[in-house]
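Going from the sequence shown to my numbering is simple: count from 1 and add 948.
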Amino acid sequence: MIKLIKLTIGYEQLAREKIHDNYAWHKKAWTLFEHHPELKERNSKPEEKKGPTPFLSRYIQKTKHTELLVLSKYEPARPSWCSYDQWVCIAIDESYLSQASYFFDLYANPTRSVKKPDGRGGFTKNGHRLTLMDHASQVDWLKRKGKDHGFTLVDDVPLRIDKPVNHRFKRNGDTGLHIGVRFQGILHVTDKVVFQKAFHEGIGTAKGFGFGMLMIKPLNF
């Protein structure tokens, strides 16, 4: 059964723990699962052979604290840097994921692939990803993802899309940038199996860096 974990962290603790960007959050989220031998083995492999991160995460800034949400099929363990009163873990059962319609809140990295010249008149095998910054492209992106992941948007309720937010990070001495966009609205499930897979595995790119977790609340439950 998949688990949702919420960790509540004050800003003074964030400073002490040096949690200052998406990659730092990513590393902290990993500490919930470092007791699993198979995940330790995964992390010892070369980057191209590791496969997807075995959890989804999202951090939400509040007035006096920050919440780190983590979703995974792996059983978490409360890390030493998190006290009991900062930790909540709930199991999400099948019935919750079997409803017809949901309110949703998705913080994603909406992108499209762009071909990258190889300098020899052709293109590299892997291009680079361009973030979609305009409203129309973002709506189209979400509709395409819905088609791929077993849901449609309910047009009777306006889709809310917040302004893009830059998330710069440092990893192994290199600087990177992800751009996050928050989508809120109502969706209707068209394929339960595919939709549940999307809930478990996330939507879009940069899922290891706090993007792609589909937060849902049934309209009627």
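Backbone N, C-alpha and C define an ideal beta-carbon position, used for all residues, glycine too. The structure displayed is predicted, hence computed values, not measured ones.
Check whether residue i and residue j have beta carbons under 8 Å apart
i: V1142; j: H1097; result: yes
i: K954; j: V1062; result: no
i: R1130; j: Y1022; result: no
i: M1161; j: S1005; result: yes
i: D1053; j: Q961; result: no
i: S1049; j: I1151; result: no
i: N970; j: G1094; result: no
i: Q1144; j: I1109; result: no
Residues that residue i bridges to, as DSSP identifies them
i: G905; result: As displayed, the chain neither begins before 949 nor continues past 1169, which places residue 905 out of reach and without an answer.
i: S1085; result: The partner list for S1085 (beta bridge, DSSP) is empty, contrary to what the question assumes.
i: H968; result: Beta-bridge pairing links H968 to no other residue.
i: P1166; result: Y1050
i: H984; result: Bridge partners of H984: none, in fact.
i: W1035; result: L955
i: V1018; result: I953, S1005
i: N1114; result: I1127
i: Y1044; result: Paired residues: none, contrary to the question.
i: F1147; result: The partner list for F1147 (beta bridge, DSSP) is empty, contrary to what the question assumes.
i: R1119; result: D1122
Length of the line joining the Cα atoms of residue i and residue j
i: L1078; j: A1154; result: 12 Å
i: R1116; j: H1126; result: 6 Å
i: I1164; j: G1156; result: 19 Å
i: W1029; j: V1018; result: 16 Å
i: N1120; j: K993; result: 16 Å
i: P1024; j: K976; result: 12 Å
i: Q1034; j: H1148; result: 24 Å
i: S1046; j: M949; result: 14 Å
i: L980; j: P1027; result: 6 Å
i: A972; j: K1118; result: 9 Å
Where the beta strand (DSSP E) containing residue i begins and where it ends
i: A1025; result: A1025 -> no beta strand (DSSP E), and no H or E assigned at all.
i: V1137; result: 1122–1137
i: V1105; result: It is not in any beta strand (DSSP E) - V1105 carries neither H nor E in the DSSP assignment.
i: F1159; result: Segment: none, F1159 is in no beta strand (DSSP E) and carries neither H nor E.
i: H1076; result: 1076–1079
i: S992; result: From DSSP, S992 is part of no beta strand (DSSP E); its letter is neither H nor E.
i: T1100; result: 1099–1101
i: I1059; result: It should be pointed out that residue 1059 corresponds to Thr in this sequence rather than to Ile. Run containing T1059: 1059–1062, per the beta strand (DSSP E) assignment.
Buried or exposed (CB count within 10 angstroms, at least 16 for buried), residue i
i: Y1007; result: buried
i: A1084; result: exposed
i: Q1009; result: exposed
i: N1172; result: No answer is possible for residue 1172: it lies beyond the span of the chain, which begins at 949 and ends at 1169.
i: Y1032; result: exposed
i: P1058; result: buried
First through last residue of the alpha helix (DSSP H) which encompasses residue i
i: F1003; result: That residue, F1003, is in no alpha helix (DSSP H); it is neither H nor E in DSSP.
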